[in-house]
Every structure is written in structure tokens, then in C-alpha cells.
């Protein structure tokens with residue numbers, strides 16, 4: 094009798110999705126809440142809860158101590174609140190602060206997709222959390238899982254003095270179209286969309302599955318605003334920049350385009366064979382699709398052809414954050430951006446920020462993709478007061494280049510896939526660099542990711558460090574592998590692995606060596622991207638190591654994370 098073949102991770106994930114649409118099973122979650130953690134079935138813990146924005150929480154050791162590339166869990170969950178375009182109102186911020194204080198031990202993290210994550214959430218709290226979020230216009234649905242993730246856009250949409258258009262209505266409309274829509278609950282893997290009307294492309298269309306960026310064209314004596322279209326971008330362990338299609342997308346065509354691209358992805362059964370190769374980028378990387386063939390299929394599904402693309406101006410070396418005080422397009426009004434170091438924010442800070450927005454502005458706030466918080470519509474007479482109060486609550490407006498440029502993933506504190514701890518490390522590293530290099534004023538993107546999956550976006554940073562382990566005196570300690578020269582926009586480039594790694598405690602000295610070499614030998618007003626570009630890997634490795642050393646190979650990726658685990 095032939096032995097039964099073991100079900101693969103991909104086959105199991107596809108079977109479970111076929112058996113149940115989790116969005117239609119809220120009553121099961123309510124029953125789990127009544128029965129406690131032990132009543133939650135493995136299918137819900139490992140798979141279905143993701144469709145409600147919920148992951149099992151790691152035990153603090155990351156991937157170590159687990160098996161199959163996944164760490165151990167504790168009987169609590171991470172819960173991700175979906176915030177389309179980063180748009181928040183003060184009453185919503187207060188609800189999030191209340192939930193963080195009541196159910197999440199006072200911990201909340203702003204993510205690189207506008208979301209806010211809570212930790213230490215017990216299963217018993219989920220029905221109350223859902224209800225309170227719904228009442229204020231928020232949800233956790235589709236914040237995780239094989240479905241359309243939170244839609245991102247420019248946090249300053251509608252107020253940016255230099256924007257081409259306010260694209261936030263399109264973001265919010267598309268969000269309503271996909272969230273909870275049974276047509277899109279079962280995609281091959283995660284799926285990310287961004288739409289922006291700004292010139293700086295601050296929502297990173299280069300690394301989204303769908304990226305729509307505003308552009309203009311002139312027909313006769315009339316100027317028209319539409320969008321360029323990119324598809325297939327993603328990072329993870331195999332970074333891939335989105336491909337630009339030959340398309341000028343009219344405003345009223347955007348919903349059809351998003352629907353059509355999503356259906357192409359949904360119907361690509363070839364992507365459902367391997368979880369580690371299930372993102373849309375693999376249509377281009379492994380399955381022979383081109384920009385032309387993708388556009389032909391998109392237009393066939395939509396039933397109309399798109400106009401040819403127009404020349405666009407990709408941003409050149411723009412620092413894509415929103416800190417500080419800047420004038421809005423509305424005369425006499427400003428936005429004020431406060432730094433949320435490593436994205437970690439307390440209930441007290443959230444309450445205070447909501448009060449500031451109400452007392453000194455219009456009650457509107459925005460979360461950014463660099464993990465910070467902005468208050469918009471501040472009258473000029475109130476700007477100094479808002480900045481002063483932001484500073485008082487630990488969200489400073491004027492900060493060092495290191496504090497401004499640092500971005501981190503969750504790390505081993507809560508993530509079962511992480512190799513290193515990142516949040517506390519990021520705070521310590523920032524303080525170290527501020528002490529070592531006071532007055533360093535160059536723009537610096539410093540991204541920290543705790544494993545090869547690049548949730549911390551190290552592939553597109555000036556300096557990106559990827560978590561590893563090294564054995565020191567017989568014990569494994571946190572370590573980091575260095576990549577440099579990543580960029581987006583007009584000079585998009587994947588960061589170059591340098592062949593150098595060191596323990597976490599040695600990272601500040603390594604970065605100091607590299608940045609001092611830059612300060613001492615830069616040419617004119619040369620920025621870091623240009624400096625790295627004119628040096629070889631061998632030269633840069635010597636600078637960061639402080640000596641000529643042989644390259645260390647970057648550890649191969651263990652592959653995409655298993656079904657039921659991936660973010």
C-alpha cells in the first residue's frame with residue numbers, strides 16, 4: 094500500500110482557504126473568546142485569525158527554540174489596526190489609546206504601512222476590541238492574511254503644498270471595495286496597494302504590488318491629472334522593484350485597474366504551488382510575464398485599453414518622511430510631525446496627541462510610513478505650542494538625522510520569525526550614534542530588520558542591517574549583516590550586501606567608521622547614495638570593518654515563512 098504523501102505548507106494553506114472564508118466566521122471568534130485560549134483551534138491560531146488582523150505572539154526568543162523556522166508562542170496575540178492612508182481623527186486615537194492601556198499592557202507600534210499594532214492581546218478581549226473599533230470607524234479586517242493589506246498613500250494628502258492632487262478619496266474608496274469583499278479573501282499571498290498624489294512617492298510604489306502615482310498631461314489647452322501604474326513590487330528575501338506599465342490611468346479608471354490587477358493575482362494558480370514564491374513579483378521573476386503581457390491581460394479583463402504612459406518625474410534623493418513644521422497648501426496652516434522613535438508609542442502619548450489635535454488644530458492626525466505621527470491643520474498662531482507639547486510628551490519635532498531616519502521591524506520581542514531584538518536595540522543605537530557623531534546633518538535612512546524577510550525594509554535604505562546570530566564565548570548573541578546603497582525613486586537600487594557582519598554591540602562603531610569616512614572624503618555636496626555608488630564593495634567593507642577583511646557570505650534565506658505565520 095503506497096504511503097500517503099505529506100501535505101505541503103502551500104497545499105494546506107490553499108485547502109484551509111477553500112474550506113472557510115474567515116470574514117464570514119466572526120461568531121467562531123466570539124465563541125473562542127468565551128472559551129479562552131485553549132478553545133482556539135490550531136487552524137484559527139495559525140491561519141484564519143490573520144484575516145482579522147491577528148497573529149500569534151512569540152515568546153520573546155524569536156525563531157530560536159522553535160522548530161520548522163518558527164519560534165514558540167505565548168497565549169496572547171498581536172493585533173493590527175488598519176488605518177487607510179494613515180488618516181486618523183482624535184476620537185479614534187483615544188479609542189486606540191484606551192485599548193492599548195486596557196488590553197495590550199500599554200504597548201502600541203506604528204508600522205511601515207500606517208497601521209498600529211497592539212501586543213499582549215488575550216483572545217477574551219477580541220469581541221470588545223472589534224466592537225469599539227467599529228464604532229469609531231476602524232477595523233482589523235484584512236490587516237494580515239492572504240488578502241489586500243492596508244492601502245497606503247501620502248500622509249499629507251489634501252494638505253501637502255506641493256502635491257499634484259489629493260488622492261486620499263481613491264485610497265478610501267478602494268479600501269471599501271476590497272476589505273471584507275468575498276471576491277478577494279482568497280489571494281495567493283499578501284497583496285499591497287498604494288495610491289499617492291504627492292511628488293515624493295512617500296508610500297513607496299516601487300515595492301508595492303500595485304503602485305499608482307499621480308502625473309499630469311496636456312491635451313490641447315487642457316491639463317489632465319492621472320496616474321502612472323506599477324505592478325509586482327515587493328521586498329522580502331528576494332527584493333524586486335515594481336514594473337511600470339505603459340499606462341496613463343484616469344482618475345475614474347483607478348477602481349477598475351485595482352480590481353483587474355487583483356483578479357489577475359487571485360487567478361494565478363501557478364503562484365499557489367509554493368508559499369515562498371506566491372507573491373505577484375514571481376509572475377515576472379519566474380513565470381515569463383512581461384510588462385506588455387501583464388497590461389494586455391489587465392486590459393482584456395477590464396474591457397478597455399489604457400492610454401499610453403506619459404513622461405513622469407521620479408523623485409530624486411527625496412527624504413520621504415514628514416517630521417518637523419511645514420506650511421500646508423491652505424494659507425495660514427501648518428502640519429507638525431513628531432518623531433516616534435522605533436514606532437513605539439504609549440497610551441499616554443496617544444491621549445496627549447489627540448488632545449493637542451483637538452485643542453490646537455482640527456482634530457486630525459496622520460500616521461506615516463516612517464513610523465511617526467503628524468498633526469495637520471495647525472493654525473500658524475498655534476504651531477509653537479504644538480511643537481512644544483510634542484517635545485514635552487517625548488515626540489520631538491526637531492531631531493537628529495539618526496532619530497529621524499531609523500526604521501525597525503518588530504524583532505524577537507514579539508515576532509516568532511525574528512533572529513534579533515530590534516526595538517530596544519534601535520533606541521540604544523540611536524543614542525550611541527548621537528553621542529558619537531554629534532551634528533551629523535546628512536539625510537540617512539537606517540533600517541533594521543530582525544531576519545531576512547525585510548519587514549524593516551533594509552533593502553531600500555542607505556544603511557540596512559539584517560539580523561543574524563554569532564557565537565561568542567560559546568553563546569549565540571545578536572549580530573547584524575551590513576547592506577548599503579539602497580534607494581528608491583529616480584535612482585532606485587537594491588542595497589548591496591557588503592560581506593561584513595558584527596555583533597550588535599559592535600554596530601555603532603561600525604556605522605561611525607563608515608560615516609566618518611564619508612564626512613572626510615565626500616566630494617562637494619555628495620550624499621550617501623552617491624558616495625556609496627562610487628566605492629566598491631571591497632572599499633566599503635574595509636571602511637565599515639576598520640580593516641581589510643575577507644567577505645563573509647550573507648546567510649541564505651531559510652525561505653518564505655510557513656503558512657499561518659507570514660506577515
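In the numbering used here, the protein residues as written are 94 to 660. Virtual Cβ for every residue (Gly too), placed ideally from N, Cα, C.
Asked                                                                                                                           : Found
Selected residue, minimal CA-CA separation from residue 149, among 632, 172 and 491                                             : 172
Where residue 653 sits in the DSSP three-state scheme                                                                           : At residue 653 the pLDDT is 36, less than 50, meaning the model places this residue with poor confidence and gives no usable figure here.
Cut-off 7 Å between Cβ atoms - residues of its own chain near residue 307, not counting five sequence neighbours on either side : 257, 258, 260, 289, 290, 318 and 320
Through-space distance from residue 314 to residue 659, alpha-carbon basis                                                      : Its pLDDT being 36, under 50, residue 659 is placed unreliably in this model, and the coordinates cannot settle the point.
Beta-carbon proximity of residue 518 to residue 640, cut-off 7 Å                                                                : no
Status (buried if at least 16 other CB within 10 Å, exposed otherwise) for residue 653                                          : With a pLDDT of only 36 at residue 653, under the threshold of 50, the placement of this residue in the model should not be trusted, and no figure is reported.
Classification of residue 227 by the beta-carbon crowding that lies within 10 angstroms, buried from 16 upward                  : exposed
Cα-Cα separation, residue 595 to residue 574                                                                                    : 7 Å
Buried or exposed (CB count within 10 angstroms, at least 16 for buried), residue 644                                           : exposed
In DSSP terms, what residue 305 is bridged to                                                                                   : 288 and 322
Distance, residue 605 Cα to residue 638 Cα                                                                                      : 10 Å
DSSP three-state assignment for residue 234, whether helix, strand or coil                                                      : coil
Segment limits, alpha helix (DSSP H) that includes residue 184                                                                  : 183-196
Rounded straight-line distance, which links the Cα of residue 348 to that of residue 646                                        : 45 Å
Same chain, Cβ closer than 8 Å to residue 375, five either side skipped, listed in chain order                                  : 364
contact_flag[the stretch 418-434, the stretch 245-254] where n(CB pairs < 8 Å) is 3 or more                                     : yes
Spatially closest choice to residue 546 from 244, 118, 508 and 135, by CA coordinates                                           : 508
Closest residue to residue 472 among 456, 159, 466 and 583 (Cα-Cα distance)                                                     : 456
Nearest neighbour of residue 358, chosen from 536, 496, 412 and 285 [CA to CA]                                                  : 285
Nearest-angstrom Cα separation, counted from residue 355 out to residue 104                                                     : 21 Å
Pairwise C-alpha distance: residue 109 and residue 362                                                                          : 16 Å
Entirely enclosed beta strand (DSSP E) segments - the stretch 485-554, minimum 3 residues                                       : 499-501 and 539-542
With 16 other Cβ atoms within 10 Å as the buried cut-off, status of residue 497                                                 : buried
Residues near residue 520 by beta carbon distance below 7 Å, same chain, minus five either side                                 : 434 and 435
Beta-carbon proximity of residue 539 to residue 556, cut-off 7 Å                                                                : yes
Straight-line gap, residue 369 to residue 448 (C-alpha atoms, nearest Å)                                                        : 45 Å
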